[in-house]
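Trainee:
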Amino acid sequence: MTSHSIEPIGFIESPYPEKFAVPRQPGLVSAAKARIVLQGDYGHPDCVRGLKEFSHIWVLFLFHQTTAQGWKPLVRPPRLGGNEKRGVFATRSTFRPNNIGLSVVQMINIEHQNKQTIIDVQGADWVNHTPVVDIKPYVPYADAIAEATGGFAPTAPEKNLMTTFSDQALYELQHLMPQYPELQALITQVLAQDPRPAYQQHDDDEREYGMTLYNVNIRWRVLNQQNHVISISKGF
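Oh and the sequence shown: position 130 is 130 in full-length UniProt numbering, straight run, nothing missing.
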């Protein structure tokens with residue numbers, strides 16, 4: 001077969017500096033705001049003329065952090081507890097032959113600055129600096145299929161773990177509020193999805209977990225199927 005090369009049209013600025021804690025699907029964490037930065041010829045205002053008429057967009061991107069690890073024909077979807085295997089093309093695994101991802105997100109704003117086009121969106125599920133290869137408008141009459149079936153994922157995940165914050169964590173949140181006004185909502189929504197590995201999601205343990213949002217480190221435990229945020233600290 002003939003090979004083809006793809007040139008990124010821009011990149012993403014998101015609150016997720018690492019893969020851990022990134023939602024497994026777009027739209028699950030509405031507090032996750034991101035920016036799509038289009039550069040070079042792709043940043044010209046003409047490229048997005050008329051895009052504001054749509055509420056949502058499809059974003060095609062590259063799973064740039066999994067390229068070196070290659071791909072396998074069979075994968076273990078987290079939705080199945082990480083135990084059952086499915087064909088890679090029957091899943092949304094990040095380990096794919098061409099490392100191409102597809103997400104639909106809600107647009108908030110489009111602006112132009114410094115010869116770049118910046119598209120603000122919410123409900124992001126991308127690691128920071130993810131390369132973008134294409135953008136298309138979401139067209140409801142064609143893209144929303146009422147009679148579609150969802151295979152092993154027929155409905156949205158039921159994960160909705162409650163989250164509490166220690167007094168120390170709340171104190172630290174107050175100091176970070178001017179810079180990150182939606183940080184508490186973001187933490188709560190991310191933890192509600194239970195970002196732990198699938199095989200640990202039904203367990204209570206004394207283990208302390210950590211994740212980073214923006215450059216803020218969050219530590220928490222899961223007891224009685226409830227998240228308890230222990231500490232929040234800004235990185236350097």
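Where a beta carbon is used, it is the ideal one built from N, C-alpha and C, also for glycine.
Taking Gln193 and Leu28 to be in contact with their CB atoms under 8 Å, please state how far apart those CB atoms are, rounded to whole angstroms.
Mentor: Their Cβ separation, rounded to whole angstroms, is 6 Å, which keeps Gln193 and Leu28 in contact under 8 Å.
Trainee: Within the same chain, show all residues whose beta-carbon is closer than 8 Å to that of Val133, passing over the 5 residues directly before and after it, in chain order.
Mentor: Same-chain partners within the cutoff: Ile6, Glu7, Pro8, Ile9, Leu60, Phe61, Leu62 and Ile100.
Trainee: Expressed to the nearest angstrom, what Euclidean distance is found between the alpha-carbon atoms of Glu206 and Lys136?
Mentor: The alpha-carbon atoms of Glu206 and Lys136 are separated by roughly 45 Å.
Trainee: Alpha carbon to alpha carbon, how far is Ala32 from Ile118? Give it in angstroms, no decimals.
Mentor: Distance between the alpha carbons of Ile118 and Ala32 is about 16 Å.
Trainee: State buried or exposed for Gly50, treating a residue as buried only when at least 16 other CB atoms are found within 10 Å of its CB.
Mentor: Classification of Gly50: exposed, given that the 10 Å Cβ count is below 16.
Trainee: For Gln122, which beta-bridge partners are listed by DSSP?
Mentor: Its beta-bridge partners are Lys33 and Gln106.
Trainee: Quick one: Cα of Leu213 to Cα of Ala146, how far?
Mentor: Looking at the two C-alpha atoms, the distance is approximately 35 Å.
Trainee: Specify, as a first and last residue, the run of the alpha helix (DSSP H) that Tyr138 falls within.
Mentor: Run containing Tyr138: none; DSSP gives neither H nor E here.
Trainee: Which first and last residues belong to the alpha helix (DSSP H) in which Val190 is found?
Mentor: It spans Leu183 to Ala192 - the alpha helix (DSSP H) in which Val190 sits, taken as one unbroken run.
Trainee: Helix, strand or coil, according to DSSP, for Tyr209 in the structure here?
Mentor: Of the three classes helix, strand and coil, the one that applies to Tyr209 here is strand, per DSSP.
Trainee: So, at 6 Å on beta carbons, what are the nonlocal neighbours of Thr91 in its own chain, with the 5 sequence-adjacent residues on each side left out?
Mentor: Closer than 6 Å at the Cβ level, and outside the excluded window around Thr91, lie Val75 and Pro77.
Trainee: Can you give the Cα-Cα distance for Ala142 and Gln116, rounded to whole angstroms?
Mentor: Using only the alpha carbons, I get a separation of about 30 Å.
Trainee: How far does the alpha helix (DSSP H) with Gln174 in it reach, from first residue to last?
Mentor: Its alpha helix (DSSP H) spans residues Asp167 to Leu176.
Trainee: Considering just the uninterrupted stretch of the beta strand (DSSP E) at Ser231, what are its terminal residues?
Mentor: It spans Gln226 to Lys234 - the beta strand (DSSP E) in which Ser231 sits, taken as one unbroken run.
Trainee: Count the other C-beta atoms from every protein chain shown that fall within 10 angstroms of the C-beta of Asp125, then say buried if there are 16 or more, exposed otherwise.
Mentor: When all chains shown are included, Asp125 counts as buried.
Trainee: Output needed for His112: all residues of its chain with C-beta closer than 8 Å, excluding positions within five of it in sequence on either side, in chain order.
Mentor: So the list reads Gly43, Pro45 and Ile118, once near-sequence residues are dropped.
Trainee: Starting from the C-beta of Gln25, find all residues in its chain whose C-beta is less than 7 Å away, skip the five residues before and the five after it, and write them out in chain order.
Mentor: Excluding residues within five positions, the ones whose Cβ falls inside 7 Å are Asp125.
Trainee: For the putative contact between Phe95 and Trp58, defined by C-beta atoms under 8 Å, what is the C-beta separation to the nearest angstrom?
Mentor: Going by Cβ atoms, the distance from Phe95 to Trp58 rounds to 21 Å, so no, they are not a contact pair.
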